[in-house]
Amino acid sequence: MKCEKAVIQIHLLNELTESERNEVLHHVKTCHACQSKLESVEQLTMLITTAATTPHAPVNSVALTNRIMASIKEPQQPTWFERLISIAEAKPVKWSMAVVSLILMAILTLEELRPTEVSFTKATPATTVHRFSILNVKTFRDELKRHKADYQSSLKACQDPFAITQYNITCLREKLSKYKTL
Amino acid sequence: MQQSEELDLIERAQQGDHQAFRRLVDAHHRFVHAVAFRITRNHSDADDITQEAFIKLWKHLSKYRTGIKLTTWLYQIVTNQCLDFLKSANKKQQVRNTEMSIALPIADETSAEKKSDDQELLEVITTLASRLTPKQQAAFVLRDLEGLSVDEVCEILDMSAGTLKSNLYYARNKIREDLNLYYKELIKPRVL
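Those sequence lines, one after another, are chains P and Z.
Quick note, the first sequence lines up with residues 1 to 182 if you use the numbering used here.
Quick note, the second sequence lines up with residues 183 to 374 if you use the numbering used here.
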């Protein structure tokens, strides 16, 4: 043991463990400087112990007690918030809240990681549609070539008066039902 | 005072029983005053701090939990009051002024005769302790003068065992050195 460490520990003999104390005392036996330091510290310890045992009392104990009692009022009842805080400060509550928080975090994390399924809702039937949406485009062209005039007049009859590319679906179904593409 | 009796008094005081609280004050005000006096070295300040400590105890008695010793709680309250006292700038000035008059109690032979040697020694030691930092002073007073355990002092001062040991080392070393100087001065032959 080095003297620097020994000097510090000599001042803390009462706070050391048994083995630490023995180590210091072993060093002191072999080191004259530390031995003299130990004697000096022991003298101080003795003086402090003597001083510490000196009884102490206030100059006027009864007057001080009366003064304290005169200055106190009714004890303050804790507010609901203080009660809540004191409950939350209790160790079992703290641990329970920590566990609940961890569970919630785990659930949220798992929920976040899970692949999302896209669901489609069935659209409400439209009253007007683009004509290509109910016809097969390829066969429509063939049909168009064969019955061009009739087909075009049928389309015109079903045309939306406010949107020229839109047609009444019921009308279209009715007029074009004779064509096999429908 | 028995532990069960003390718990009963605390419960009654929590309900607002002044007589029960008076008995608690009677039982504990001496050690509270001793700590305050050993740190402030002034009876009037120690009285004020003791009063404040018990008012604080009364106000917060509803928060008392049986797991803690009442004495430990009181030590904590009074030590914090004392540390606040030492921190205040005005009081620091007062402490500095009294540092300069360290030999005064001994120099006045009439007063020295009145006091016992032990009281005089205690006065010298607490005066030397007042030159320490507030934390060192509190650690020294609680551990060496009040004789509390390391665990209790750590709890009261809210510090680790390592920090406490460090504070105690510096405090004891400084007091030992100052005490040596003080006694050397004392045994010097006086030139009239």
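We put the CB at the ideal spot given by N, CA and C, even for glycine.
Proximal chain Z residues relative to Ser-40/P, where beta-carbon distance stays under 7 Å: Simply Arg-358.
Thr-54/P and Asp-360/Z closer than 8 Å at C-beta: Against a cut-off of 8 Å, the Cβ pair of Asp-360/Z and Thr-54/P comes out as no contact.
Short Cβ contact (8 Å threshold) for Arg-220/Z with Leu-44/P: No, they are not a contact pair.
Interface partners of Met-69/P on chain Z, CB under 8 Å: What Met-69/P touches in chain Z: His-200, Phe-203, Arg-204 and Val-207.
Residue of Glu-18/P, Leu-47/P and Glu-174/P minimising C-alpha distance to Gln-157/P: First, the amino acid is wrong: residue 157/P is Ala here, not Gln. Among Glu-18/P, Leu-47/P and Glu-174/P, the Cα nearest to that of Ala-157/P belongs to Glu-174/P.
Cα-Cα separation between Ala-285/Z and Leu-265/Z, rounded to whole angstroms: For Ala-285/Z, the pLDDT reaches just 48, beneath the cut-off of 50, and the residue's location in the model is therefore unreliable, although a value from the coordinates is still provided. Roughly 25 Å between the two C-alpha positions.
Given 8 Å, three or more beta-carbon pairs between the stretch 243-251 of chain Z and the stretch 340-351 of chain Z: Contact between the stretch 243-251 of chain Z and the stretch 340-351 of chain Z is absent, because fewer than three Cβ pairs lie under 8 Å.
Cα-Cα separation, Ile-8/P to Leu-25/P: Cα to Cα, Ile-8/P sits roughly 13 Å from Leu-25/P.
Chain-ordered neighbours of Lys-238/Z on chain P, where CB pairs are closer than 8 Å: Within chain P, not a single residue places a beta-carbon under 8 Å from that of Lys-238/Z; the smallest gap is close to 10 Å.
Rounded straight-line distance, which links the Cα of Lys-356/Z to that of Leu-377/Z: Chain Z is shown only over 183 to 374; residue 377/Z falls outside these bounds and no answer can be derived.
Where Tyr-351/Z sits in the DSSP three-state scheme: It is helical.
Contacts around Asp-258/Z, its chain only, beta-carbon distance under 7 Å, and the 5 residues preceding and following it disregarded: The identity of residue 258/Z in the sequence shown is Gln, whereas the question assumes Asp. Taken in chain order, the residues that qualify are Ile-338.
Cut-off 6 Å between Cβ atoms - residues of its own chain near Ala-6/P, not counting five sequence neighbours on either side: The residues are Val-24, His-27 and Cys-34.
CB of Thr-261/Z within 8 Å of CB of Leu-324/Z, strictly: A Cβ-Cβ contact shorter than 8 Å links Thr-261/Z with Leu-324/Z.
Burial state of Lys-37/P (16 or more Cβ within 10 Å): Around the beta-carbon of Lys-37/P, 16 or more other beta-carbon atoms lie within 10 Å, marking it buried.
Nearest candidate by alpha-carbon position, reference Arg-205/Z, set Ser-86/P, Val-62/P and Leu-84/P: Looking from the CA of Arg-205/Z, the closest CA among Ser-86/P, Val-62/P and Leu-84/P belongs to Val-62/P.
Reduced DSSP category for Gln-184/Z - H, G, I as helix; E, B as strand; rest coil: Correct three-state label for Gln-184/Z: coil.
Chain Z contacts from the stretch 2-30 of chain P (Cβ-Cβ distance under 7 Å): Near chain Z, meaning a CB-to-CB distance below 7 Å, the residues of the stretch 2-30 of chain P are Ile-8, His-11, Leu-12 and Glu-15.
Contact list for Leu-64/P against chain Z, beta-carbon separation under 8 Å: The answer, in chain order, is His-211, His-215, Asp-229, Thr-232 and Gln-233.
Local Cβ density within 10 Å of Lys-317/Z, reported as buried at 16 or more and exposed below that: So Lys-317/Z ends up on the buried side.
Chain-ordered chain B contacts of Asn-355/Z [CB-CB under 7 Å]: Reference to chain B is not applicable here, since the protein chains of this structure are P and Z.
Alpha carbon of Leu-84/P to alpha carbon of His-215/Z, nearest angstrom: About 34 Å.
Contiguous beta strand (DSSP E) assignments of at least 3 residues, all confined to the stretch 220-256 of chain Z: Correct list: empty.
Contact list for Ala-57/P against chain Z, beta-carbon separation under 7 Å: Result: Arg-212.
DSSP-derived helix/strand/coil call for Gln-159/P: Taken through DSSP and simplified to helix, strand or coil, Gln-159/P comes out as strand.
Exposure of Met-282/Z, with buried meaning 16 or more beta-carbon neighbours within 10 Å: Residue confidence for Met-282/Z is low, a pLDDT of 48 falling below 50, so the modelled location carries little weight and cannot support an answer.
Span separating the alpha-carbon of Trp-240/Z from that of Val-217/Z: Annotation: Trp-240/Z to Val-217/Z spans about 19 Å, alpha carbon to alpha carbon.
Within 8 Å, strictly: CB atoms of Ser-200/Z and Phe-236/Z: First, the residue type needs correcting, since residue 200/Z is His and not Ser in the sequence shown. Contact check for His-200/Z against Phe-236/Z fails: the beta carbons are separated by 8 Å or more.
Contact under 8 Å by Cβ, Glu-302/Z with Gln-263/Z: No Cβ-Cβ contact shorter than 8 Å links Glu-302/Z with Gln-263/Z.
Which listed residue (Gln-197/Z, Lys-269/Z, Asp-208/Z and Leu-304/Z) has its alpha carbon closest to that of Thr-49/P: Residue nearest to Thr-49/P within the set Gln-197/Z, Lys-269/Z, Asp-208/Z and Leu-304/Z is Leu-304/Z (criterion: CA-CA distance).
Under the three-state DSSP convention, the category Asn-60/P falls into: Three-state result, Asn-60/P: coil.
Bridge partner(s) assigned by DSSP for Asn-14/P: Here Asn-14/P is not bridged, per DSSP, to any residue.
Exposure of Lys-94/P, with buried meaning 16 or more beta-carbon neighbours within 10 Å: So Lys-94/P ends up on the exposed side.
Under the three-state DSSP convention, the category Gln-166/P falls into: Here Gln-166/P sits in strand by DSSP.
Integer Cβ distance of Lys-245/Z from Ser-86/P, believed to fall under 8 Å: With 8 Å as the limit, Lys-245/Z and Ser-86/P qualify as a contact, their Cβ atoms being about 6 Å apart.
Option nearest Phe-213/Z by Cα separation, candidates Pro-58/P, Asn-14/P and Glu-15/P: The shortest Cα separation from Phe-213/Z among Pro-58/P, Asn-14/P and Glu-15/P belongs to Pro-58/P.
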